[in-house]
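Beneath this line is the structure, given in structure tokens, with notes to follow.
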Amino acid sequence: MNEFVRVEHPSGTPLPVVFDSPHSGSVYPDDFGHALDRMVLRRSEDAHIEELFAHVTKQGATMVHALFPRCYIDPNRNEDDIDLDMIDGDWPGPVNPSAKTIDRGVGLIWKKMRVQGAVYDRKLSPAEAAGRIKNYWRPYHETLRQQLNEAVAAHGFAIHIDCHSMSGMGDAETEDGAVQRPDFVIGDRDGTTCAPEVTACVVEVLRDLGYSVAVNYPYKGMELIRRHGRPHENRHAIQIEINRSLYMDEGTMAKTEGFLALRRNLETLTGAICALCDTLREERADAQ
Ligand SMILES: [Zn+2]
């Protein structure tokens, strides 16, 4: 067990449902060495997400969350998604920067934060960057994989819900531009990371609760669901992005009045996701 990755186990009978919150961590490691102001950096956190989903363990699900901040190293990028410009010296591993790294500087290790500027006033040593992968990124994925493996071993399938929050508005650098965002964006990488009934369930429940919901735009899901969602192996993964304006002040990061109502509604949503296990179990029984 890694001190920067926490697993909350279900209190009742365990269901094969694993939630993860990769971006709500706020324990800044001593060796971060950033130049940008800490409060500015903190705006990259998906603040309060693990608390909004804390109830899921009472519904039979497991919660995995990262305690380290995503701008230090991001579990939702591939480990080769590196900008060599940031590294002082030769990088020993493979390099395959994504568009988010090249265009916006928000790759595996963040280079800059929107208009606020560069995260560092220095380059990172290869050993420093490799240490973040070894000590944070890999333990996070390994822990998540282990929880999903245990679910599949016990039940024959698993549902993985990757939980995030997004700014209330896009900006000039984001795919959607400077527009108001819907309440939720659900991502299944264009239908490739879970069975269609998982996406349909999440979208329907949220719309019934009165929320505006977009699917696969402007966020379709990144490395976490790409890596862990394999529906043909009965591993279903889906990403949920919640609009921060529903529950927090984005400037101060303080929770707003909307927090409690949102948490109640998320309990309805996660209850429906847990109930989906019966449907998937029946379908498996029928198919055998
Ligand atoms: Zn996120």
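The working numbering puts the first residue of the sequence shown at 404, with every later residue one more than the last. For glycine and all other residues, C-beta sits at the position ideal for the given N, C-alpha and C. Note that the coordinates shown come from a computational prediction; the quantities given were computed from them, not determined experimentally.
For Val606, the enclosing alpha helix (DSSP H) covers residues 599-611. Annotation: the continuous alpha helix (DSSP H) that includes His631 extends over 626-631.
His631 is positioned such that its CB atom lies closer than 9 Å to that of Leu547. Contact between the stretch 430-439 and the stretch 636-651 is absent, with fewer than three C-beta pairs closer than 8 Å. The stretch 592-606 makes contact with the stretch 674-688; the number of CB pairs closer than 8 Å reaches 3 or more. By the CB criterion at 9 Å, Glu653 and Tyr620 fall outside the cutoff. Proximity of the beta carbon of Asn619 to ligand 1 is not indicated: no heavy atom of the ligand is located closer than 8 Å. For the pair Met625 and Asn479, the Cα-to-Cα distance works out to about 6 Å.
By the neighbour-count criterion, in which a residue is buried when 16 or more other Cβ atoms sit within 10 angstroms of its Cβ, Gln550 is buried. Taking a cut-off of 8 Å on C-beta distances, the stretch 450-460 touches the stretch 660-671, as three or more cross pairs fall below it. Here DSSP, grouped into helix, strand and coil, assigns Val421 to strand.
In this structure, the C-beta of Glu644 approaches ligand 1 to less than 8 Å from one of its heavy atoms.
Per DSSP, the continuous beta strand (DSSP E) segment holding Phe587 begins and ends at 587-590. Residue side-chain check: His426 places its Cβ nearer than 8 Å to a non-hydrogen atom of ligand 1. For Leu527, the beta-bridge partners assigned by DSSP are Ile490. Distance from the CA of Arg517 to the CA of Leu511, rounded to the nearest whole angstrom, comes to 16 Å.
Counting along the chain, Asp506 sits inside the alpha helix (DSSP H) bounded by residues 502-507.
In this structure, Ser568 has its CB closer than 8 Å to one or more heavy atoms of ligand 1. Asp440 and Phe560 have their alpha carbons spaced roughly 44 Å apart. Out of Leu612, Ser501, Ile641, the CA that lies nearest to the CA of Ala598 is found in Ile641. Apart from the 5 residues on each side of it in sequence, Asp574 sits with its Cβ closer than 6 Å to the Cβ of Ala581 in its chain, given in chain order. Within the model, the alpha-carbon separation for Asp488 versus Asn499 is close to 13 Å. Put simply, of Gly594, Asp593, Cys566, Pro542 the residue whose alpha carbon is nearest the alpha carbon of Phe587 is Cys566. Distance from the C-beta of Asp449 to the nearest heavy atom of ligand 1 is below 8 Å.
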